[in-house]
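Under the numbering used here, read the sequence shown as residues 1 to 346, first letter to last.
Just so it is clear, CB atoms sit at the ideal spot from N, CA and C, and this is done for glycine as well.
Owing to the predicted nature of the structure, the values given are computational and were not obtained by experimental measurement.
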Amino acid sequence: MRGGVVLGCALVGLLVGETEARADMETARRHFEAGKKLRDAGDCTRAIAEFERSVAADESIGGHYNLGYCHEQLLHRQDAYEAYKRAQHLASVKKDERLREISGALAALLQTPHIRLVLPQPLPDGLRIEVDGRLVPETFHAAETVVFIERASRAHSVRVTAPGYEERRALVENRQVRPIELRRSIETTTTPAPIAPPPDGGSGSTWQHWTGLGVGATGVALFTVGSAMFVSYLIEERDLGRQYDAANRCDKRPGKNGESDPCSDPSAEAVRLNRERSYMANEDDAKKQAPLILGTTIGGALLVGGGLVLYLTAPRPRAHAATDTRVQVLPILGTTTRGVALTGTF
Numbered sequence: 001m002r003g004g005v006v007l008g009c010a011l012v013g014l015l016v017g018e019t020e021a022r023a024d025m026e027t028a029r030r031h032f033e034a035g036k037k038l039r040d041a042g043d044c045t046r047a048i049a050e051f052e053r054s055v056a057a058d059e060s061i062g063g064h065y066n067l068g069y070c071h072e073q074l075l076h077r078q079d080a081y082e083a084y085k086r087a088q089h090l091a092s093v094k095k096d097e098r099l100r101e102i103s104g105a106l107a108a109l110l111q112t113p114h115i116r117l118v119l120p121q122p123l124p125d126g127l128r129i130e131v132d133g134r135l136v137p138e139t140f141h142a143a144e145t146v147v148f149i150e151r152a153s154r155a156h157s158v159r160v161t162a163p164g165y166e167e168r169r170a171l172v173e174n175r176q177v178r179p180i181e182l183r184r185s186i187e188t189t190t191t192p193a194p195i196a197p198p199p200d201g202g203s204g205s206t207w208q209h210w211t212g213l214g215v216g217a218t219g220v221a222l223f224t225v226g227s228a229m230f231v232s233y234l235i236e237e238r239d240l241g242r243q244y245d246a247a248n249r250c251d252k253r254p255g256k257n258g259e260s261d262p263c264s265d266p267s268a269e270a271v272r273l274n275r276e277r278s279y280m281a282n283e284d285d286a287k288k289q290a291p292l293i294l295g296t297t298i299g300g301a302l303l304v305g306g307g308l309v310l311y312l313t314a315p316r317p318r319a320h321a322a323t324d325t326r327v328q329v330l331p332i333l334g335t336t337t338r339g340v341a342l343t344g345t346f
């Protein structure tokens, strides 16, 4: 009985995680096979959607590599580069033999027109990069940003801007690596920022806090009931088992020195049978209550976990705005402007 309860509790957690992982892998494999069929049939447009669903369910080297291949066939070189790079990273981590093939595909792709921009780290907020007047999506920004060019040209105009930084323009030749240095604007460096008052801490709780507490309390109660039932069974099983073992040790031999032996009592057999029935009845009751014990214990643990997640992920109450007034006089020192500014809360 004890082994069944403990083993059941342990297996529930393992089976849930294993089932989800198998489902993701099966979904990824199904979409990957569908993408391969479409790719072999020359329909890379529809194959891309299948490969994207495959890597979304479970990342794989083959999924990213085939995604890059189809993007390259459709001349989506920027997307092909990102997919090849991801496949290369996975193959490098796993020491997969396909690493050489993926690196070769990347090298061939980099023979097409492109430029490389080495950006400052960390990347400034609101960074914008334009190459030949075309905006480079923020998702492609990296320490070394590779930008593929649609039209072949010897040099390409690059414009980089960010709030609080001077605009940077440059001509970058094809396949050239160009570091981009950003300098803060004069107004930003010479004008001190006003010191904001510390925000008032929010007080109170949201409905999600109370829901999490309620769910967690219910889980604690259920877990306590299940645990109490299991502990009660263990105590009773130990006592009845000890009595049953003692009764079985009676051999009905006469006592020593003429003394009467309790085991030689004619009622000893009846006592043994009675204790055996009590022990087996307790075991039968425990087997009948096993689903209830498992249900309350496991269900209570899950509710405690769910309540904890609800409580920890609940949004904090919005802080009240400060009512006091703060005023600052700040100097303005720009290239064309001199003066002072009055700032604060009123």
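- Annotation: Arg316 to His209 spans about 9 Å, alpha carbon to alpha carbon.
- For the pair Pro179 and Ile149, the CB atoms are not nearer than the 8 Å cut-off.
- Residues Val131, Ala170, Val172 of the same chain have their beta carbon placed closer than 6 Å to that of Val158, with the five preceding and five following residues left out of the count.
- Cβ neighbours of Val93 within its own chain (closer than 7 Å, five residues either side excluded): none.
- With a 10 Å radius around the Cβ and a threshold of 16 neighbouring Cβ atoms, Glu97 comes out exposed.
- By the neighbour-count criterion, in which a residue is buried when 16 or more other Cβ atoms sit within 10 angstroms of its Cβ, Thr224 is exposed.
- As the crow flies, the alpha-carbon of Gln176 is around 9 Å from that of Ala155.
- The beta carbon of Arg53 sits closer than 6 Å to the beta carbons of His31 from its chain, once the five residues preceding and following it are set aside; these are given in chain order.
- Judged by DSSP secondary structure, Val55 falls within the alpha helix (DSSP H) whose first and last residues are 44-57.
- Burial state of Leu74 is exposed, judged by a 10 Å Cβ sphere holding fewer than 16 other Cβ atoms.
- Note on geometry: alpha-carbon atoms of Ala34 and Lys85 lie some 23 Å from one another.
- Nearest in C-alpha terms to Cys70, of all of Ala107, Leu90, Arg39, Thr218, is Arg39.
- Here Pro179 carries a strand assignment [DSSP, helix/strand/coil].
- A distance below 6 Å between beta-carbons, with the five flanking residues on each side excluded, links Tyr233 to the following residues of its chain, in chain order: Ala286.
- Taking the Cα positions, Ile298 is about 15 Å away from Val231.
- Between the alpha carbons of Leu67 and Ala290 lies a gap of roughly 51 Å.
- Taking a 10 Å sphere around the C-beta of Gly104, we find fewer than 16 other C-beta atoms and assign the residue as exposed.
- Its chain contains Leu240 as the residues whose beta carbon lies nearer than 6 Å to that of Ser278, once the 5 sequence neighbours on both sides are disregarded; these appear in chain order.
- Separation of the CB atoms of Val220 and Gly164 is rounded to 51 Å, and the pair is thereby denied contact status at 8 Å.
- The Cβ atoms of Glu72 and Leu109 lie closer than 8 Å to each other.
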